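Heads up: the sequence shown runs through residues -19 to -1, 1 to 265, numbered per mature numbering (1 follows the signal peptide of the UniProt record, and there is no 0).
Heads up, the beta-carbon is just placed ideally off N, CA and C, and yes, glycines get one too.
If you're wondering where the values come from, they're calculated on a predicted model, not measured in any experiment.
Structure record follows, encoded as structure tokens.
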Amino acid sequence: MKKFIGFAVVLLFSAVLYAQKDVTEFLGIPVDGTKQQMIENLKAKGFVYDSQKDVLSGEFNGEEVSISIQTQGNKVWRVTVVDENYRDETQIKIRFNKLVRQFENKESYLECKAPYWAYYIKASALQKGLLSEEEIPELFDDFLYVQKISDNENIGNGIMINKKKYQALFHQLSKSIDEDAEEVVNKFQKELKELQNSDEYKEVTGWASQYTEDEYTEEMIKRKDKIDDLAKSKFIEYIKAMERAVVVPSSMKQVWFTIAESGGQYGIMMFYENKYNKADGSDL
């Protein structure tokens, strides 16, 4: 599984902006607040709480499950959902891949939207003629890899012999994604319009109607290249800003699942995590 790298400084800054405003949700319930609040919210959804085991039980996504709640600093940061009924290797592979498809098709998750956004932004860059295909940065690359288990995979050997972990990772989209994306687009359009209204831009682009490329002097070529490079750099900045606007807040709203083994049978463990509330070493 790919590890997320980069964005470290931005993430630290964004934590201040987004904390407690837009966090991971489980069944529409924010993964936040006190443990008792979360328990009461889940009981209202029909789950039954066992105070002896400190778990809730009920049905989730068509499966009988048990739910446990983890806190940090008296704030909920993770909800863990575990299958009650384990199954054989063939069945667990089907269940795992079905879950992957469900997440990939759910529009509230980044992994569902990323392929469309990557295509749309690349198409826009090519249509405007600002960038060639080779110049366009790879978009949402960390969110487009295959997470399904192949038909040929031997899960039993993978877990027992090779100590392999079968996991899939997804991210809930920020609720403010539309506003954030619109802000990025408006900023780019404003800067591009300012460039296009500048005397230098108008003069350089006007040469195309007055001269052939063979008639350009060396100084004219330098000025034209400078304008072209400036327009390209603004578009690349826009692309990266658009990606950050989506990725940064969504990276704090993590949902992932893995295969657990017990006595040769297999089940799914799912984790809904609010990374704003997770211990980050700040108390050290």
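Go ahead and pull the three-state DSSP assignment for residue i.
i      : result
Glu119 : coil
Tyr126 : coil
Lys234 : strand
Asp31  : strand
Gly248 : strand
Thr186 : helix
Ala241 : strand
Tyr219 : helix
Asn22  : helix
Smallest Cα separation from residue i: which of the options?
i      : options                       : result
Ile50  : Glu134, Glu196, Val63, Thr198 : Val63
Glu45  : Lys56, Lys207, Gly27, Thr52   : Gly27
Arg59  : Tyr100, Met233, Val165        : Met233
Ala260 : Val12, Thr52, Asp35, Val4     : Thr52
Arg76  : Tyr147, Lys56, Tyr253, Pro96  : Tyr147
Leu176 : Leu8, Leu80, Glu164, Ala212   : Ala212
Glu173 : Asp209, Glu200, Glu184        : Just to set this straight, residue 173 is Leu in the shown sequence, not Glu. When only C-alpha atoms are compared, the closest one is Asp209.
Ile249 : Tyr67, Pro11, Lys171, Met141  : Tyr67
What is the C-beta distance between residue i and residue j, in whole angstroms, given that I count them as a contact (C-beta under 8 Å)?
i      : j      : result
Gly14  : Val29  : That pair is no contact at about 20 Å.
Glu85  : His152 : Glu85 to His152, Cβ: 12 Å. No contact.
Gln83  : Leu150 : Their Cβ separation, rounded to whole angstroms, is 14 Å, which puts Gln83 and Leu150 out of contact at 8 Å.
Ser47  : Val57  : Actually they are not in contact, since the Cβ atoms of Ser47 and Val57 sit about 17 Å apart, beyond 8 Å.
Ser231 : Ser155 : 6 Å
Review point. At which residue ranges does the region 129 to 180 contain complete beta strand (DSSP E) runs of 3 or more residues, listed in the order of the chain?
Key: 148 to 152
Suppose only complete runs of 3+ residues qualify. What are the beta strand (DSSP E) ranges in the region 33 to 114, listed by chain order?
36 to 41, 44 to 53, 56 to 64
For the region 188 to 203 and the region 215 to 232, state whether three or more C-beta atom pairs, one from each stretch, are separated by less than 8 Å. no
Pairing CB atoms from the region 214 to 222 with CB atoms from the region 18 to 35, are three or more of them under 8 Å?
-> no
Three or more C-beta pairs closer than 8 Å, one from the region 157 to 174 and one from the region 239 to 258: is that the case here? no
- Message: Using a Cβ distance threshold of 8 Å, determine whether the region 194 to 207 contacts the region 93 to 104, with at least three qualifying pairs required.
- Response: no
Quiz item: Does the region 104 to 118 come close enough to the region 133 to 143 to have 3 or more Cβ pairs within less than 8 Å?
Solution: no
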